Amino acid sequence: MSELVVGGMRMVTMPYGPKWRRYRTFCHNLLTPKMTQSFVPTQTAEVGQMMYNLAFNTPNDMQSYKEHGLSDEDLAWLDAGRVEAGSQTSTVAMNNLMLYMAATPQVQERAHEELMRVIDADVTYKDMVIPKGTAIVCNTMALHFDPVRFPEPFSFNPERYLDYQKSALEYAAMPDPYHRDHFNFGAGRRMCPGARFAENYLALCLANMVWAFKIKPPVVVINGTRQDARLDVSEDAFEPYPLRSAKPFKCRFEPRDEERRDIIRRNWENIEKE
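The numbering used here puts the first residue of the sequence shown at 34, with every later residue one more than the last.
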C-alpha cells in the first residue's frame, strides 16, 4: 500500500533499512533539543493567534476562510492542490532515484545486499516466530489500558502523570520500559523524532487555554430551558481508525474574565508588531 500511495517515500510506513535509517538521521538532526527550542517563539506566536481568535473572532467554524474571500470550491481546490503537490514531489524523487539506480548498478547492489541482510530472515521472539516482511505495530492502546500500570484506565485523570517530570524522549531512553510515562510517541527505533516539538506545542496550547477560558459543552434548549449539552466521550465518540481522533463535536470557549481577555488582545497586538 505504501508503494502504491506514496511510492514508498513516507517514513512512517517505510520498511526498516538503509533508506529509512537515513531518513531517521535527517529527522533527528532537524529536531534536536536545541533546534526544537528555536521553534518555541513561532509556536508561542501561533498560540497567541489561536487565543485571540477564540476570544474575539466569530464562533462560526465555517466563517474563517470566507472572511478571506474564498468559496467552498476555492477551499476544495486548495486542499486538493496540497495533496497533489506532495504526491508529485514524492513521485519525482522516486523517478529520479530509479534513474540513478539504473545508471549506477554498483550502488544498487550494495543497497540490495544491505536490505537482504536486514529483512531476509524470520525473527523469533520468545516462543513466537515472526515471518520476514511482517509489519509490526506497537499496540499502544493495550499498554495504556493496562490497569496494573494505569489504575482506572478508563477514567480521564491527567493527574496520574504529575510525578513524571522529564520529557517523553528522556523516559523512552531509559532501559526499563516500565519506567516510561506513556507510549504515545511510539517505541524503539521508530520513536517519533518530533516528540519534543509536539510536547512543547501541546504544553503551550493547553496551558494558555486553561488559563484563559472555561471550556464548556454547547448550549441546548430543552423544554424552553437553556442548559449545557452532554458530550459523548464513549467509544462511539471516536473514529474507528488507528489514530483515534474524536468525531466532530462542538464546545464553547468562555473567557474567565475581562482582564484575561484584554491580556490576550494586548499579547496578539504585540505579536503582530513583531
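Ideal placement from N, C-alpha and C gives every residue a C-beta, glycine not left out. What you are looking at is a predicted structure, and each value in this text was computed from that prediction instead of being measured.
Under DSSP, no beta-bridge partner is assigned to residue 198.
Per DSSP, residue 306 is not a residue of any beta strand (DSSP E); the alpha helix (DSSP H) it occupies stretches across 291 to 306. Every unbroken stretch of the beta strand (DSSP E) spanning 3 or more residues and falling wholly within the region 137 to 175 is given here in chain order: 156 to 158 and 161 to 163.
Within the region 244 to 279, the beta strand (DSSP E) runs of at least 3 residues that lie entirely inside it are, in chain order, 246 to 249, 252 to 255 and 258 to 261. Residue pairing by DSSP places residue 288 opposite 246 in a beta bridge. By the C-beta criterion, the region 216 to 236 is judged to be in contact with the region 45 to 61, since at least 3 inter-stretch pairs fall below 8 Å. Taking C-alpha positions only, residue 83 is separated from residue 304 by approximately 12 Å. Under the criterion of beta carbons closer than 8 Å, residue 266 and residue 260 do not qualify as touching, at roughly 18 Å. Around the CB of residue 89, fewer than 16 other CB atoms lie within 10 Å, so the residue is classed as exposed.
By the beta-carbon neighbour count (other beta carbons within 10 angstroms, threshold 16), residue 178 is exposed. Taking all protein chains in view, the Cβ of residue 301 is crowded by 16 or more other Cβ atoms within 10 Å, so the residue is classified as buried. Collapsing the DSSP output to three states places residue 134 in a helix. Residues of the same chain with a CB within less than 7 Å of the CB of residue 214, apart from the 5 flanking positions on each side, are 194, 197, 201 and 204 in chain order. When the alpha-carbon of residue 283 is set against those of 186, 277, 263 and 156, the nearest one is in 263. In this structure, residue 278 places its C-beta atom within 8 Å of the C-beta atom of residue 271.
Approximately 5 Å separates the beta-carbon atoms of residue 51 and residue 147; this is inside 8 Å, confirming the contact. Rounded to the nearest whole angstrom, the C-alpha separation of residue 163 and residue 54 is 22 Å. Per DSSP, residue 89 is one residue of the alpha helix (DSSP H) stretching across 73 to 89. When only Cα atoms are considered, residue 133 and residue 56 end up about 18 Å apart. DSSP, read as helix, strand or coil, puts residue 66 in helix. Straight across, the Cα-Cα distance linking residue 269 with residue 242 is about 26 Å.
In the assembly as shown, residue 174 is an exposed residue. Its beta-carbon has fewer than 16 other beta-carbons within 10 Å. Within a 10 Å sphere around the beta-carbon of residue 69 sit 16 or more other beta-carbons, which makes this residue buried. Around residue 289, the same chain offers 245, 246 and 247 as residues with beta carbons nearer than 7 Å, after the five sequence neighbours per side are excluded.
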